[in-house]
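Working notes, beginning with the structure itself.
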Amino acid sequence: MKTYGLDATQDIIVVGAGPAGLGVLLAAKQAGLSAVAIDKGPVASALCSHPTYMRWFSTTDKLELGDFPLVSTEKNPTRQEYLAYLRAFVRFFDLKVTTYREVKSILAENDLFRVAAMDMYEREFVWSARHVVVATGFYDSPRRMNIVGENLPKVSHRYSEAHWYAGHDVLVIGAGSSAAEVALELYRSGAHVTVAMRGTSFETKYWIEPDIENRIKEGSIECYRNVEVEEIRPDEVVLCPERGPLITIPNDFVLAMTGYEPDTSLISSLGAVIDGKCRKPLLNHYFETTVPGLYVAGTLCAGTESNTVFVENSRDHGPRIVEHILKKR
Numbered sequence: 001m002k003t004y005g006l007d008a009t010q011d012i013i014v015v016g017a018g019p020a021g022l023g024v025l026l027a028a029k030q031a032g033l034s035a036v037a038i039d040k041g042p043v044a045s046a047l048c049s050h051p052t053y054m055r056w057f058s059t060t061d062k063l064e065l066g067d068f069p070l071v072s073t074e075k076n077p078t079r080q081e082y083l084a085y086l087r088a089f090v091r092f093f094d095l096k097v098t099t100y101r102e103v104k105s106i107l108a109e110n111d112l113f114r115v116a117a118m119d120m121y122e123r124e125f126v127w128s129a130r131h132v133v134v135a136t137g138f139y140d141s142p143r144r145m146n147i148v149g150e151n152l153p154k155v156s157h158r159y160s161e162a163h164w165y166a167g168h169d170v171l172v173i174g175a176g177s178s179a180a181e182v183a184l185e186l187y188r189s190g191a192h193v194t195v196a197m198r199g200t201s202f203e204t205k206y207w208i209e210p211d212i213e214n215r216i217k218e219g220s221i222e223c224y225r226n227v228e229v230e231e232i233r234p235d236e237v238v239l240c241p242e243r244g245p246l247i248t249i250p251n252d253f254v255l256a257m258t259g260y261e262p263d264t265s266l267i268s269s270l271g272a273v274i275d276g277k278c279r280k281p282l283l284n285h286y287f288e289t290t291v292p293g294l295y296v297a298g299t300l301c302a303g304t305e306s307n308t309v310f311v312e313n314s315r316d317h318g319p320r321i322v323e324h325i326l327k328k329r
């Protein structure tokens, strides 16, 4: 595997090679700056964990980077089409992306940053850079439930496709759009679906809510509201309602669609200020943290308010970061 940028100090090291990170790379290259992105998986590794047959809600024009055209059979591209687009984007602009290296630490030393990463064989690689941009998103850190049985092999915080679960008893935990969509797809693929939520209603897109509520009303999908998942066992799950006795239901698989937590450990280890409530890093207009030379791009900027920053409204992060770096030279 190619490892770029070890032989010289880089102007910019980008941690994460998703859309935001690639946008930084392109802006840096167009400005004549040396830049390398490091991703713990392939290009856009976080997007690889999205459902296999997912289709974006954003249209192609809202997902394009740097005026590089995104071609799709429909106005909303699929996951596969967007991954192919990002691969082509890297090749066309000859961007330097080092893959399958997980960044473990960033240290500040004498006006430079030392970025250390490990490969799958636990070999260490260290880069030197004048500036670092952390663009790791938040899809790599599922929100844990911290309950008995959460680590059983039948439990997953990610959903790929319904075929794995056809004909089985599946519990979907959550009340957001992901939970509702997963429950509907599972039901239509032949699974026996139960939904468990802490509240009383779904917080989902307006066109999804009638579908999921009607399936519950007609008995096609079972739903327990105002419950906590007490324990997960190999063949059943125990639910705890607000009132009354515990409820035990038969179960083969659990899909915990409980959301994700932003991982700000890399930037907080350098002393960057993080909002204690919403986990947002404190940033200036150019996405620089309180540590000079350390920037954040993409959805990580939003902290736990993940519905406020996404691909289509973060495409300017790279150009603005590079603009700021050039101003300081």
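In the working numbering, the protein residues as written are 1 to 329. Ideal placement from N, C-alpha and C gives every residue a C-beta, glycine not left out.
Burial state of residue i, where buried means 16 or more other Cβ atoms lie within 10 Å
i	result
C301	buried
L26	buried
V155	buried
G167	exposed
V71	exposed
F92	exposed
Within 7 Å, strictly: CB atoms of residue i and residue j
i	j	result
S128	T9	yes
L239	A196	yes
L33	I12	yes
A297	F310	no
G149	I249	no
A28	V237	no
S178	T52	no
N-terminal and C-terminal residue of the alpha helix (DSSP H) that residue i is part of
i	result
K327	H317 to K328
F89	R79 to F93
A183	S177 to R188
P210	E209 to K217
V336	Outside the shown range of the chain, which is 1 to 329, sits residue 336, and nothing can be said about it.
S268	S265 to S268
L63	T60 to L63
Which residues DSSP lists as bridging residue i, in chain order
i	result
F253	V170
P42	According to DSSP, which records beta bridges pairwise, P42 is partnered with nothing at all.
T248	V238
A129	Q10 and F113
Extent of the continuous beta strand (DSSP E) run through residue i
i	result
D11	Q10 to V15
T194	H192 to A196
L107	E102 to E109
S314	Taken as a continuous stretch (DSSP letters only), S314 belongs to no beta strand (DSSP E), as it is neither H nor E.
A297	Neither: A297 is in no beta strand (DSSP E) and is coded neither H nor E.
Own chain partners of residue i with C-beta closer than 6 Å, once the 5 adjacent residues on each side are dropped
i	result
R55	N76 and T78
S262	A quick correction: the sequence has Pro, not Ser, at residue 262. F138, R279, L300 and G303.
Residues near residue i by beta carbon distance below 8 Å, same chain, minus five either side
i	result
S58	N76, F310, V311 and E312
V227	A196, M197, R198, L239, C240, P241, E242 and I247
Same chain, Cβ closer than 7 Å to residue i, neighbours up to 5 away in sequence not counted
i	result
S343	One cannot answer for residue 343 here, as it falls past the ends of the chain, which runs 1 to 329.
H324	Y286 and E288
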